[in-house]
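These notes concern the structure reproduced below.
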Amino acid sequence: MSFENIKPDVVSYGILIDSYSHIGEMCGACNLFNEMEHKGLDPNLMIYNSLLNGLFKSNQPNEALKLFDKMKTQGIRLDDCVYATLILGLSMSGRHDMANMFLEEAFHKGFNLNKEAYHTLYVALGHKQK
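FYI, the UniProt record's numbering numbers position 76 of the sequence shown as 76, with every residue one higher than the one before it.
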């Protein structure tokens with residue numbers, strides 16, 4: 001992604017990656033992410049979270065978990081939004097035990113998740129019991 005004498009920055013890439021992720025065009029989002037890294041630009045937490053959310057919404061939980069592992073390996077500082085995305089995505093993917101594991105991990109790290117994350121996990125666990 002480049003135009004005459006215009007060099008996209010992290011914010012430009014972030015907007016495009018978020019847009020692609022939002023509409024479920026994960027191939028485009030991942031291509032931009034890879035291009036960004038190839039150019040030496042470091043993705044911020046918002047970009048990672050957009051990708052995680054898009055991967056879960058496009059029914060690619062394994063890819064989302066790989067991305068999360070990459071974040072941890074690279075020392076990306078995680079926050080409550082990342083954990084909420086993981087918990088919601090895993091719950092909606094039927095991976096209730098993993099969602100609960102990440103909920104406990106977030107709790108032990110002192111993160112305050114939003115009501116939506118707790119509610120989704122509660123509903124998902126309720127469906128699991130039936």
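We treat Cβ as the ideally placed atom computed from N, Cα and C, and that holds for glycine.
1) Taking a contact to mean a Cβ-Cβ separation below 8 angstroms, would you say M36 touches L55 in this structure?
2) Which residue comes first and which comes last in the alpha helix (DSSP H) that contains K70?
3) If I measure Cβ to Cβ from F111 and keep anything under 6 angstroms in the same chain, skipping five residues before and after, which residues do I get?
4) Indicate whether residue 132 and L90 have their beta-carbon atoms separated by less than 8 angstroms.
5) Give, in chain order, every unbroken run of the alpha helix (DSSP H) that is at least 4 residues long and sits entirely within the UniProt repeat "PPR" (9-43).
6) For T85, count neighbouring Cβ atoms within 10 angstroms of its own Cβ and tell me buried if that reaches 16, exposed if not.
7) Please determine, among Y48, N53, N5 and I76, the residue with the shortest C-alpha to C-alpha distance to G14.
8) Does the Cβ of N5 have 16 or more other Cβ atoms within 10 Å, making it buried, or fewer, making it exposed?
9) Taking the alpha-carbon of M46 as reference, which of C30, D18, V123 and T73 has the nearest alpha-carbon?
10) Given this structure, state the Cα-to-Cα distance separating V11 from E104, to the nearest angstrom.
11) Using DSSP with H/G/I as helix, E/B as strand and the rest coil, what is S50?
This is what the structure gives:
1) Taking the first residue of the sequence shown as 1, we reach residue 36 at position 36. Taking the first residue of the sequence shown as 1, we reach residue 55 at position 55. Going by C-beta atoms, M36 is not nearer than 8 angstroms to L55.
2) For the purposes of this step, residue 70 is taken as residue 70 along the sequence shown, with counting starting at 1. Counted as a single uninterrupted DSSP element, the alpha helix (DSSP H) harbouring K70 occupies residues P61 to T73.
3) Translated into positions along the sequence shown, residue 111 becomes position 111. Only D80 and Y83 meet the Cβ criterion.
4) Nothing about residue 132 can be read from this structure; the chain reaches only from 1 to 130.
5) With a minimum length of 4 residues, the continuous alpha helix (DSSP H) runs that stay inside the UniProt repeat "PPR" (9-43) are 10-22 and 26-38.
6) For the purposes of this step, residue 85 is taken as residue 85 along the sequence shown, with counting starting at 1. The residue is buried, with at least 16 neighbouring Cβ atoms inside 10 Å.
7) As a first step, residue 14 must be located in the sequence shown, where it is residue number 14. Of the candidates Y48, N53, N5 and I76, Y48 places its Cα closest to the Cα of G14.
8) Along the sequence shown, one-based indexing puts residue 5 at 5. The residue in question, N5, is exposed, as its Cβ has fewer than 16 Cβ neighbours within 10 Å.
9) Numbered from 1 along the sequence shown, position 46 holds the residue referred to as residue 46. Residue D18 is the option with its Cα nearest to M46.
10) Your numbering for residue 11 matches position 11 in the sequence shown. Your numbering for residue 104 matches position 104 in the sequence shown. V11 and E104 have their C-alpha atoms roughly 32 angstroms apart.
11) For the purposes of this step, residue 50 is taken as the residue at position 50 of the sequence shown. Helix.
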